[in-house]
Ligand SMILES: C[S@@+](CC[C@H](N)C(=O)[O-])C[C@H]1O[C@@H](n2cnc3c(N)ncnc32)[C@H](O)[C@@H]1O
């Protein structure tokens, strides 16, 4: 049997999230969710997943899954994102980068909530696609972008060998508590 490794979720993402439990169901946002490899793996009565992407065809392959709500939306226009801010227990972003709005992703996470980000890094252009620098994180970039409002729990920038060698960056972050007790951005 041939296994499509590209469709396999990132074990790093899945293991991190499965280690998080709460009394209430966890609200998870899978940002630019694509074919839903993470949403589908995580779907569970204890996790309510919102999967957003602008590709309705991809979303239609899992819009009937229990505990997954799919949303077709273009995340790169000036239109306000249709999500509550300071709301999600966990936001995951994988293999997606759009720098003009990257900081806004942090606003969606609630205090003490988590942001898990994994995508390609500079140097990947020597190995294959993506090679456009717009889609490649610079070393330490996730830390620089999010450190004001997040504590950095884990950071990695280097090679991975999943189905082929690539250069990636991973960062696990937990949102700080606002000093005033008010939600902050
Ligand atoms: C490389 S795929 C990654 C999908 C998924 N996160 C994963 O790791 O399997 C990038 C995804 O970003 C989505 N995307 C690209 N531009 C977008 C936009 N403007 N608004 C919403 N989604 C977008 C694409 O449709 C695609 O599904």
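In this note's numbering, the protein residues as written are 159 to 343. Quick reminder that beta carbons are idealized off the backbone N, C-alpha and C, glycines included.
Quiz item: In terms of residue numbering, what span does the beta strand (DSSP E) encompassing residue 324 cover?
Solution: Reading the chain shown from its first residue, position 166 is the one you call residue 324. Here the beta strand (DSSP E) through residue 324 covers 323-333.
Exercise. Within its chain, find whatever has a CB closer than 7 Å to the CB of residue 294; leave out the 5 residues flanking it on each side and keep chain order.
Key: For this step, residue 294 is matched to residue 136 along the chain shown. Excluding sequence neighbours, residue 294 sits near 278, 279, 280, 282, 283 and 288.
Quiz item: How should residue 319 be labelled, buried or exposed, when 16 other C-beta atoms within 10 angstroms of its C-beta is the threshold for buried?
Solution: Position 161 of the chain shown, counted from the start, is the residue given in the question as residue 319. Counting Cβ neighbours within 10 Å, residue 319 comes out exposed, since fewer than 16 surround it.
Exercise. Pull up the CB-CB distance for residue 308 and residue 249, whole angstroms please, since I reckon it's below 8 Å.
Key: To locate residue 308, count along the chain shown from 1; it is residue 150. To locate residue 249, count along the chain shown from 1; it is residue 91. For residue 308 against residue 249, the beta-carbon gap comes to about 11 Å, at or over 8 Å, which does not count as contact.
Quiz prompt | Minimum C-alpha distance to residue 254 - residue among 266, 198, 200 and 234 | solution = Residue mapping note: residue 254 aligns to position 96 of the chain shown, counting from 1. Minimum Cα distance to residue 254 is reached at 234.
Exercise. Under the assumption that residue 264 contacts residue 314 (Cβ atoms under 8 Å), give the Cβ distance between them as a whole number of angstroms.
Key: Along the chain shown, one-based indexing puts residue 264 at 106. Along the chain shown, one-based indexing puts residue 314 at 156. Not a contact, Cβ separation roughly 19 Å.
Quiz item: Between residue 331 and residue 311, is the Cβ-Cβ spacing less than 8 Å?
Solution: On the chain shown, residue 331 is found 173 positions in, with the first residue counted as 1. On the chain shown, residue 311 is found 153 positions in, with the first residue counted as 1. It is a contact, given that the beta carbons lie within the stated cut-off.
Practice problem: Could you tell me the distance, in whole angstroms, from the CA atom of residue 219 to the CA atom of residue 187? | Solution: As a working note, residue 219 is residue 61 in the chain shown. As a working note, residue 187 is residue 29 in the chain shown. For the pair residue 219 and residue 187, the Cα-to-Cα distance works out to about 18 Å.
Quiz item: For residue 299, does the three-state DSSP call read helix, strand or coil?
Solution: The sequence position of residue 299 within the chain shown is 141, counting from 1. When secondary structure is reduced to three states using DSSP, residue 299 falls in the helix class.
Exercise. Could you tell me which of 286, 329 and 185 sits nearest to residue 273, measuring between CA atoms?
Key: In the chain shown, residue 273 corresponds to position 115, counting from 1. Residue 273 has its Cα closest to that of 329, out of 286, 329 and 185.
Quiz item: Whose C-beta lies closer than 8 Å to the C-beta of residue 271 among residues of the same chain, with five residues either side of it excluded?
Solution: Numbered from 1 along the chain shown, position 113 holds the residue referred to as residue 271. Within the same chain, residue 271 has close Cβ partners 246, 247, 248, 249, 332 and 333.
Quiz item: Could you give the distance in angstroms between the alpha-carbon of residue 130 and the alpha-carbon of residue 269?
Solution: This structure does not reach residue 130, given that the chain is present from 159 up to 343, and the question cannot be answered.
Exercise. Check whether the Cβ atoms of residue 197 and residue 172 sit closer than 8 Å, and answer yes or no.
Key: On the chain shown, residue 197 is found 39 positions in, with the first residue counted as 1. On the chain shown, residue 172 is found 14 positions in, with the first residue counted as 1. In this structure, residue 172 does not lie closer than 8 Å to residue 197 by Cβ.
Quiz item: Applying the criterion that 16 or more other CB atoms from any shown protein chain within 10 Å of the CB defines a buried residue, is residue 214 buried or exposed?
Solution: Numbered from its first residue, the chain shown carries residue 214 at position 56. Flag for residue 214 reads exposed.
Quiz item: According to DSSP, is residue 160 helix, strand or coil?
Solution: Taking the first residue of the chain shown as 1, we reach residue 160 at position 2. In this prediction, residue 160 scores a pLDDT of 49, lower than 50, which makes its location untrustworthy; no coordinate-derived value is stated.
Quiz item: I think residue 200 touches residue 175, with their Cβ atoms under 8 Å apart; what is that distance to the nearest whole Å?
Solution: Position 42 of the chain shown, counted from the start, is the residue given in the question as residue 200. Position 17 of the chain shown, counted from the start, is the residue given in the question as residue 175. The pair is a contact, with the Cβ atoms about 6 Å apart (cut-off 8 Å).
Quiz prompt | Contact check, residue 327 vs residue 300, beta carbons under 8 Å | solution = Residue 327 sits at position 169 when you count from the first residue of the chain shown. Residue 300 sits at position 142 when you count from the first residue of the chain shown. Residue 327 places its beta carbon less than 8 Å from that of residue 300.
Quiz item: In the structure shown, what three-state DSSP assignment does residue 312 receive?
Solution: For this step, residue 312 is matched to residue 154 along the chain shown. It is a strand residue.
Quiz prompt | Those residues which DSSP pairs with residue 278 across a bridge | solution = Position 120 of the chain shown, counting from 1, holds the residue named residue 278. According to DSSP, residue 278 bridges with 326.
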